[in-house]
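Asks: Here the sequence shown is numbered in the numbering used here, starting from 22 and rising by one per residue.
Once you've had a glance at the structure underneath, I'll fire off some questions.
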Amino acid sequence: MNILQINSSARTQGSHSSALADTLVERLRGERPDARLTVRDLGRTPHPALDETALQALFTPDEQRSPEQAARVALDDVLIAELQAADTVVLGVPMYNFGVPTQLKNWIDAVARARVTFRYTEKGAEGLLTGKKVYVLLTRGGQYRNTPADTQVPYLKTLLAFLGMTDVEFIYAEGLAMGPEAEQKALAAARAQIDALAGNEAAVA
Ligand SMILES: Cc1cc2nc3c(=O)[nH]c(=O)nc-3n(C[C@H](O)[C@H](O)[C@H](O)COP(=O)(O)O)c2cc1C
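Pasting the structure below:
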């Protein structure tokens with residue numbers, strides 16, 4: 022089993038989403054000691070935004086790319102290869118201003134590539150990253166689960182399904198800014214959810 026862990030908190034220290042992702046990965050590896058782990062920490066190693074230079078590089082045919090354009094596309098290729106190789110994907114996702122962190126969006130913009138991770142047929146869009154299990158560790162200062170203000174979950178569900186990943190579990194740690202007691206309760210609930218999910222994974226494997 023190949024596990025890909027993506028941390029997207031801007032914090033390299035003290036991030037709850039990264040810590041919960043670590044906890045889940047530890048549990049999965051405990052059940053499957055042969056599992057190989059790749060960690061992509063977007064806070065420590067930010068990925069460049071999809072700007073005009075990047076778009077031009079992507080839309081230039083391989084053999085016509087300048088060395089700079091080839092280097093820019095190669096940065097995205099690495100992220101795509103990591104994702105293609107993964108059986109299990111663990112995403113640490115804080116809520117920033119009701120959305121996903123910029124770094125996660127940059128990762129998404131890198132891995133969503135036509136004819137590589139999705140394609141259009143006469144029947145519509147088809148995701149090419151099938152057969153993967155995805156866990157999303159959500160951390161929030163407030164509480165938005167199952168409300169219209171939670172745009173993260175529908176967005177990530179749609180995006181992941183578009184790329185072929187339909188087996189997705191969301192783990193919530195909410196109310197982290199609502200006082201120490203609420204914080205501890207939220208983290209304990211998230212850890213309990215992790216324990217239950219990791220146990221199920223082991224039972225299936
Ligand atoms: C720039 C910024 C924006 C935030 N926006 C929101 C928000 O819109 N809603 C919310 O519930 N919490 C928000 N928070 C709180 C974070 O979601 C919370 O601190 C979370 O634990 C961050 O994840 P991390 O611990 O992995 O860094 C925000 C925090 C920061 C730093």
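A virtual CB, placed ideally from N, CA and C, is assigned to each residue, including glycine.
What are the uninterrupted segments assigned as alpha helix (DSSP H) that are 4 or more residues long and contained completely in the stretch 118 to 143, given in chain order?
Replies: Within the stretch 118 to 143, the complete alpha helix (DSSP H) runs of at least 4 residues are 123 to 132.
Asks: Kindly indicate which residue of Met186, Leu159, Ala170, Asn167 has the alpha-carbon position closest to the one of Ser30.
Replies: Distance from the Cα of Ser30 is smallest, within the candidate group Met186, Leu159, Ala170, Asn167, for Leu159.
Asks: Can you find at least 3 beta carbon pairs, one from the stretch 34 to 53 and one from the stretch 167 to 175, that sit closer than 8 Å?
Replies: no
Asks: Leaving out five residues on either side along the sequence, give the residues of the same chain with a beta carbon under 6 Å from the beta carbon of Ala62.
Replies: The amino acid at residue 62 is misidentified as Ala; the sequence shows Asp. The residues are Asn28.
Asks: Based on the DSSP output, what are the partners of Thr59 in its beta bridges?
Replies: Leu25
Asks: Could you check whether Met186 and Asp150 sit closer than 8 Å to each other, using their CB atoms as the reference points?
Replies: Reading off the sequence, residue 150 comes out as Leu, not Asp. Yes; because the gap between Cβ atoms is below 8 Å, this pair is in contact.
Asks: Residue range of the beta strand (DSSP E) that Ala194 falls in?
Replies: 188 to 194
Asks: Nearest-angstrom Cα distance between Asp97 and Thr109?
Replies: 20 Å
Asks: Pick from Tyr117, Met22, Glu143, Gln90: whose alpha carbon is nearest that of Leu58?
Replies: Met22
Asks: Who are the Cβ neighbours of Ala78 in its own chain at under 7 Å, not counting the five residues just before and after it?
Replies: Arg86, Gln90, Arg93, Val94
Asks: Using 10 angstroms around the beta-carbon of Val155, count the other beta-carbons present and answer buried if the total reaches 16, otherwise exposed.
Replies: Val155 comes out buried.
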